[in-house]
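Have a look at the structure below, then the notes.
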Amino acid sequence: MLIFANIMCFLCSAFIPGSSREVRASAEVSAQMLKKLKGKNEFTVLATVKQDRLNSGVILSVHQSDHRFLELESSGQRSEVRLHYRTKNQKDHTEVFPYSLADDQWHKISVAVSASHVILHVDCNRIYERVVEAPSMDIPEDTSFWLGQRNAAHGFFKGVMQDVEVLVMPQGYISQCPDLNRTCPTCNDFHGLVQKIMELQDILAKTSSKLSRAEEKMNGLDGCYCERTCSVKGVIYREDEGWTDGCKNCTCTNGTVHCEAISCPPPQCPAGTAPAYIKGACCKECQPVCLFGGRELVEGDQRAVRDSSGRCLLFECRDRSMHRVVPSEPCPELSCPESEQIALSNRCCKVCRGHDFCSEGHGCLEHSDCVNLEAGDCCVCKDGFRPLRDDNAYCDDIDECAEGKHYCRENTMCVNTPGSFMCICHTGYIRIDDYSCTEHDECLSGLHNCDENALCFNMVGGHSCSCKPGYTGNGTVCKGKTLKFTSSW
Ligand SMILES: [Ca+2]
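For reference, each letter of the sequence shown is one residue, going -20 to -1, 1 to 469 in mature numbering (1 follows the signal peptide of the UniProt record, and there is no 0).
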């Protein structure tokens, strides 16, 4: 923000001969500059001057009657640069910088103010840096802006003056000396940071109090009764409701399904009956039996009997006795040779070796597979499941984690899954194989993003980088420090 732009041109390379002059900003320009400067606490006065030897004169003056709000003055007699201003508590203050500017040579001068921090640069050299009482830019409306003189009678600057500017921005001297890179925050930046931290602390305090109020309400909710239901295979079960799922008794407790295998006590069956599975039931029930060839058959069982002539007769157990069954159609033609044909005990039609009995329908239900045998089929539990019935028709998952039948090793947690289990890596660890995990040392493995001039620190779940002594940066990028010489005093 270049608030002296208008005047600057007016004065560009202007030669100021001496007395009898009045170089002040017009009312309109004054109002503009006032607006930009008012209330600001971070600005820089810049000028390029060639001041006559032993001359004492004002470079820039912003004042109202006796009150100098901002005045930069160079005294050749005393070899001083003076900065006059009003403090926050409305006192006049003069900050004196011993320096001989009036030597008939060209000089670039800048005075940067940032709250209570003042830096004087001459010819791009940092001459003074001080903490002072902060200036107040609480400037009244009818303030006048003068160049090269305090007023029509005093403080006449003798020499040449050009590029007089007031920049309302942090470290405005950069515009005069672009090589002076901005490295550190200004005093005003610091005050801004302090202000932000205070705001954040305020927000944190408010958030904490809201959180504790919410926690109190949550504790109150514990006393409320909220029913949590369970959904299984599209059916909703209410809290504490129980049901039978295959060979398991299940209940819904607090929204979670808990199932236990049904235990079947051996039934005490009366005479003429025997325990047998019936369709859809998990436990054997007493069924009427037929005695046939010294063995007990239950309702529906069939037996084939071949007489001496090779004729086959089929009998079925019905209502405690065997009845002859006459097949409705003849046996199908077999495509295999006689030697590959197998006679079965429960049907009259032979089958070829390798016949797919399972495809004719089977009773293998939950987590159970049908397996063909030479003369029939049977059920086998799938891998990771154990039988709930002695015919393997119903099977249940093995909880390898609970039963210690898992192979989870270092830095993992066992998680049971249907038919198997998983070894989950603890947070921050990475997988070695299916059963173990390791704390990954990115620093050792080289899989880090640290600069070559940084130190790498391995941490659980990650790493951090820190520049080596003599380097600056965030650790990911580190640069060598360079020394800059400023003029001594
Ligand atoms: Ca399992």
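Even glycine gets a Cβ: it sits at the ideal position worked out from N, Cα and C.
Bear in mind that the values here come from a model prediction, so they are computed numbers and not experimental data.
Identify whether F137 lies in helix, strand or coil by the three-state DSSP scheme.
-> On the sequence shown, position 157 is the one that residue 137 refers to. DSSP places F137 in coil when its eight states are reduced to three.
In three-state DSSP terms, what is S308?
-> Taking the first residue of the sequence shown as position 1, residue 308 is located at position 328. S308: coil per DSSP, three-state reduction.
State the DSSP-derived secondary structure class of V144, mapped to helix, strand or coil.
-> Residue mapping note: residue 144 aligns to position 164 of the sequence shown, counting from 1. Strand.
By the 10 Å Cβ neighbour count, where 16 or more other Cβ atoms means buried, how is Q175 classified, buried or exposed?
-> Position 195 of the sequence shown, counted from the first residue, corresponds to residue 175. So Q175 counts as exposed.
Simplified DSSP assignment, three categories, for E344 = Along the sequence shown, one-based indexing puts residue 344 at 364. The residue you asked about is not Glu; residue 344 is Cys in the sequence shown. Three-state result, C344: coil.
Are the region 78 to 86 and the region 54 to 61 in contact at 8 Å, needing three or more beta carbon pairs?
-> yes
Nearest to D281 by alpha carbon, out of C270, S288, R291, G274?
-> For the purposes of this step, residue 281 is identified with residue 301 of the sequence shown, where counting begins at 1. Answer by Cα proximity: C270.
Got a sec: does ligand 3 put a non-hydrogen atom nearer than 8 Å to the Cβ of P367?
-> You won't find ligand 3 in this model; what it holds is ligand 1.
CB of I412 to nearest heavy atom of ligand 1: below 8 Å?
-> Position 432 of the sequence shown holds residue 412. Not under cutoff, so the answer is no.
With a threshold of 8 Å, establish whether the CB of P398 neighbours any heavy atom of ligand 1.
-> Within the sequence shown, the letter at position 418 stands for residue 398. Yes, ligand 1 has a heavy atom inside 8 Å of this Cβ.
Where does the unbroken beta strand (DSSP E) through Q31 begin, and where does it stop?
-> Your numbering for residue 31 matches position 51 in the sequence shown. Start and end: 22 to 31.
Cβ contact check for the region 284 to 304 and the region 317 to 337: 3 or more pairs under 8 Å = yes
F(-11), DSSP secondary structure in three states = The sequence position of residue -11 within the sequence shown is 10, counting from 1. Confidence at F(-11) is low in this model, with a pLDDT of 34, below 50, so the placement of that residue should be treated as unreliable; the coordinate-derived value is given next. In this structure, F(-11) counts as helix in the three-state DSSP scheme.
For the region 388 to 399 and the region 415 to 434, state whether three or more C-beta atom pairs, one from each stretch, are separated by less than 8 Å.
-> yes
Which residues bound the beta strand (DSSP E) around H171?
-> Along the sequence shown, one-based indexing puts residue 171 at 191. Looking at the DSSP string, H171 is not in any beta strand (DSSP E); the run it does join, the alpha helix (DSSP H), is 167 to 202.
Ligand 1 heavy atoms versus the CB of I378: any closer than 8 Å?
-> Residue mapping note: residue 378 aligns to position 398 of the sequence shown, counting from 1. Indeed, a heavy atom of ligand 1 lies less than 8 Å from the Cβ.
Residue of V111, C292, G200 minimising C-alpha distance to A323 | Here the question's residue 323 lines up with position 343 in the sequence shown. Comparing Cα positions, the closest option is C292.
From R208, C430, N131, residue whose alpha carbon lies closest to that of G453 | In the sequence shown, the residue the question calls residue 453 occupies position 473. Out of R208, C430, N131, C430 has the C-alpha closest to the C-alpha of G453.
Among T209, K228, E75, which has the Cα closest to the Cα of R110?
-> Counted from its first residue, the sequence shown places residue 110 at position 130. It is E75 whose Cα lies nearest to the Cα of R110.
Identify the residues that DSSP records as bridge partners of I89: which are they?
-> Residue mapping note: residue 89 aligns to position 109 of the sequence shown, counting from 1. DSSP lists A27, V102 as partners of I89.
Taking 8 Å as the threshold, find out whether the region 229 to 238 comes into contact with the region 358 to 372 through three or more Cβ pairs.
-> no
Kindly indicate which three-state DSSP category L17 falls into: helix, strand or coil?
-> Counted from its first residue, the sequence shown places residue 17 at position 37. Helix.
Segment limits, beta strand (DSSP E) that includes L63 | The count along the sequence shown starts at 1 and reaches residue 63 at position 83. Run containing L63: 60 to 66, per the beta strand (DSSP E) assignment.
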